[in-house]
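To start, the structure itself, in structure tokens.
Chains as they are written, first to last, in the numbering used here: chain A, 1 to 175; chain B, 1001 to 1175.
Written as structure tokens, this is what we have:
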């Protein structure tokens, strides 16, 4: 099973010049989906993960399944205004302007071991913001795992510099 | 394990008079999370489910895990404009105005057996729109399962009238 072959590329979405990596074709392939989950979870099987955090919205998909596979809880990191209880929030830069992600302030107890999951890492700006949020809760972020890496954008090295081991299952050159 | 006790109620969110049922406290409770997934999946274990569909964003969480547990693929149903390939779309009514959900037109092959999952059913408007989308793809919708039902809003009977077996794990009176 070559996971990369199950991901569809759509040129010029959402705007001209962007090669969009469409993970939905992986998700509907039951064998590829199971294989991706197992590859994401494998390095953490014996690492006593308390919670897996996933970033809205596509990160909920893999994040929740990896949490279940590891026997951990799941913590959603959401766009601003979606979480109903007290939150921490963190801004991050987009190509134009900024966006904000939030986490429930009581989602994680101090010292809990947390794994961050998202479907794709590009510049790493969103993942960096998510890790800052997790650290605000007192979590020990023990790793970050992504299905797709766009290595030309340097996201993995940004996260490594935060002292966090990172893995990605497939890489696509360009962006 | 009483699943209902793991769900937090937040009064007056997102607006006065609404009792918001907060599933994040269930998700971070690893035993409750696993129990909910198993209860959602159990009736479908021997039903040859090809794909599980989940509705953005909270439906991605349970939908993906139930898909994994059943050895099925996962199909995301998203808000308009998020899916990159050819889509079918379906409007549904909100309290004020309408909203639109989409599905990839090629996500499901004709005759495939599909289970719909969402975290909560209220009036059933979103679930009804999701089922119409699934039927447009040629799917056989063999069931719909929800974590939370708000029975005073009548959603389950709306879906039953579409000829689809429905289950919900817990019910909260009022809305």
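Heads up, the beta-carbon is just placed ideally off N, CA and C, and yes, glycines get one too. Quick caveat: nothing in here was measured; it's all calculated off a predicted structure.
Cα-Cα separation between residue i and residue j, rounded to whole angstroms
{"i": "residue 116 (chain A)", "j": "residue 124 (chain A)", "result": "12 Å"}
{"i": "residue 95 (chain A)", "j": "residue 1030 (chain B)", "result": "37 Å"}
{"i": "residue 47 (chain A)", "j": "residue 1051 (chain B)", "result": "31 Å"}
{"i": "residue 77 (chain A)", "j": "residue 1045 (chain B)", "result": "30 Å"}
{"i": "residue 132 (chain A)", "j": "residue 1163 (chain B)", "result": "47 Å"}
{"i": "residue 27 (chain A)", "j": "residue 1134 (chain B)", "result": "16 Å"}
{"i": "residue 61 (chain A)", "j": "residue 1064 (chain B)", "result": "5 Å"}
{"i": "residue 171 (chain A)", "j": "residue 7 (chain A)", "result": "11 Å"}
{"i": "residue 183 (chain A)", "j": "residue 1057 (chain B)", "result": "Look at the range of chain A in this structure, 1 to 175, and you will see that residue 183 (chain A) is not part of it."}
{"i": "residue 1043 (chain B)", "j": "residue 1054 (chain B)", "result": "17 Å"}
{"i": "residue 1106 (chain B)", "j": "residue 1087 (chain B)", "result": "8 Å"}
{"i": "residue 1114 (chain B)", "j": "residue 1017 (chain B)", "result": "36 Å"}
{"i": "residue 2 (chain A)", "j": "residue 142 (chain A)", "result": "27 Å"}
{"i": "residue 126 (chain A)", "j": "residue 98 (chain A)", "result": "11 Å"}
{"i": "residue 34 (chain A)", "j": "residue 168 (chain A)", "result": "16 Å"}
{"i": "residue 89 (chain A)", "j": "residue 79 (chain A)", "result": "9 Å"}
{"i": "residue 150 (chain A)", "j": "residue 59 (chain A)", "result": "16 Å"}
{"i": "residue 83 (chain A)", "j": "residue 70 (chain A)", "result": "25 Å"}
{"i": "residue 91 (chain A)", "j": "residue 154 (chain A)", "result": "19 Å"}
{"i": "residue 9 (chain A)", "j": "residue 68 (chain A)", "result": "29 Å"}
{"i": "residue 1040 (chain B)", "j": "residue 1147 (chain B)", "result": "7 Å"}
{"i": "residue 161 (chain A)", "j": "residue 137 (chain A)", "result": "20 Å"}
{"i": "residue 93 (chain A)", "j": "residue 1158 (chain B)", "result": "43 Å"}
{"i": "residue 1013 (chain B)", "j": "residue 1032 (chain B)", "result": "24 Å"}
{"i": "residue 1021 (chain B)", "j": "residue 104 (chain A)", "result": "15 Å"}
{"i": "residue 73 (chain A)", "j": "residue 1072 (chain B)", "result": "22 Å"}
{"i": "residue 1100 (chain B)", "j": "residue 1005 (chain B)", "result": "33 Å"}
{"i": "residue 85 (chain A)", "j": "residue 1081 (chain B)", "result": "28 Å"}
{"i": "residue 1015 (chain B)", "j": "residue 25 (chain A)", "result": "38 Å"}
{"i": "residue 1110 (chain B)", "j": "residue 110 (chain A)", "result": "49 Å"}
{"i": "residue 19 (chain A)", "j": "residue 1019 (chain B)", "result": "43 Å"}
Element boundaries [beta strand (DSSP E), containing residue i]
{"i": "residue 137 (chain A)", "result": "That residue, residue 137 (chain A), is in no beta strand (DSSP E); it is neither H nor E in DSSP."}
{"i": "residue 1054 (chain B)", "result": "1051–1055"}
{"i": "residue 22 (chain A)", "result": "19–22"}
{"i": "residue 1169 (chain B)", "result": "1166–1171"}
Backbone secondary structure at residue i - three-state DSSP
{"i": "residue 1131 (chain B)", "result": "helix"}
{"i": "residue 11 (chain A)", "result": "strand"}
{"i": "residue 3 (chain A)", "result": "helix"}
Run of the alpha helix (DSSP H) containing residue i, from where it starts to where it stops
{"i": "residue 159 (chain A)", "result": "155–160"}
Nearest-angstrom beta carbon gap, residue j and residue i [assumed within contact, 8 Å]
{"i": "residue 1037 (chain B)", "j": "residue 1075 (chain B)", "result": "Residue 1037 (chain B) to residue 1075 (chain B), Cβ: 18 Å. No contact."}
{"i": "residue 1119 (chain B)", "j": "residue 1023 (chain B)", "result": "5 Å"}
{"i": "residue 139 (chain A)", "j": "residue 112 (chain A)", "result": "5 Å"}
{"i": "residue 130 (chain A)", "j": "residue 166 (chain A)", "result": "That belief does not hold up - the Cβ atoms of residue 130 (chain A) and residue 166 (chain A) are roughly 13 Å apart, past 8 Å."}
{"i": "residue 1121 (chain B)", "j": "residue 1156 (chain B)", "result": "6 Å"}
{"i": "residue 1173 (chain B)", "j": "residue 1152 (chain B)", "result": "6 Å"}
Near the ligand SAM: residue i beta-carbon under 7 Å from a heavy atom
{"i": "residue 70 (chain A)", "result": "In the structure shown, the ligand SAM is absent, as is every other ligand, since no ligand is present at all."}
>> Could you tell me which whole beta strand (DSSP E) segments of length 3 or greater appear in the region 1057–1127 of chain B?
In response: The DSSP assignment places 1073–1079, 1087–1093, 1098–1104 and 1113–1121 as complete runs of the beta strand (DSSP E) inside the region 1057–1127 of chain B, in order along the chain (cut-off: 3 residues).
> Which full runs of the alpha helix (DSSP H) of 4+ residues lie inside the region 25–52 of chain A, going along the chain?
Replying inline: Under the rule that a run must span 4 or more residues, the alpha helix (DSSP H) segments found entirely inside the region 25–52 of chain A read 30–41.
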